[in-house]
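J.: 47 is the number of the first residue of the sequence shown in our numbering; add one for each residue after it.
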Amino acid sequence: MSHGLINLTLPVVLQEIGYVLEEYPEHPYQTAFAMPELHQKLVAHILSNVPNRYVAAGIQEPFGKPKVDPSSPLQERL
Numbered sequence: 047m048s049h050g051l052i053n054l055t056l057p058v059v060l061q062e063i064g065y066v067l068e069e070y071p072e073h074p075y076q077t078a079f080a081m082p083e084l085h086q087k088l089v090a091h092i093l094s095n096v097p098n099r100y101v102a103a104g105i106q107e108p109f110g111k112p113k114v115d116p117s118s119p120l121q122e123r124l
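1. Please report the Cβ distance between Val101 and Thr55, rounded to the nearest whole angstrom; I am assuming they are in contact, meaning their Cβ atoms lie under 8 Å.
2. Grouping DSSP H, G and I as helix and E and B as strand, with all else coil, what is Val89?
3. Thinking Phe79 and Leu88 are a contact (beta carbons under 8 Å), I'd like their distance in whole angstroms, please.
4. Return helix, strand or coil for Gly64, following the three-state DSSP convention.
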């Protein structure tokens, strides 16, 4: 299974950019940042200047004895 990291900060940054741009006039701000290249540069600049949070995806537990809570019912422990 492949492993990867998911950036939890990116969706928040994209959402906040959208909120902020809604408050600015369409010309020149919304028009300028509607261009993919400038929008990507803005996102990259923000991500490089704020703490980012990641979560690991696709990681499996190593094989071995499963961890069982001794206080759980017998059916769950089997």
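Every residue, glycine too, gets a C-beta built ideally from N, C-alpha and C.
T.: Considering the structure as presented:
1. Under the criterion of beta carbons closer than 8 Å, Val101 and Thr55 do not qualify as touching, at roughly 11 Å.
2. Val89 falls in the helix class under three-state DSSP.
3. Rounded, the Cβ-Cβ distance is 6 Å, consistent with contact.
4. Here Gly64 sits in helix by DSSP.
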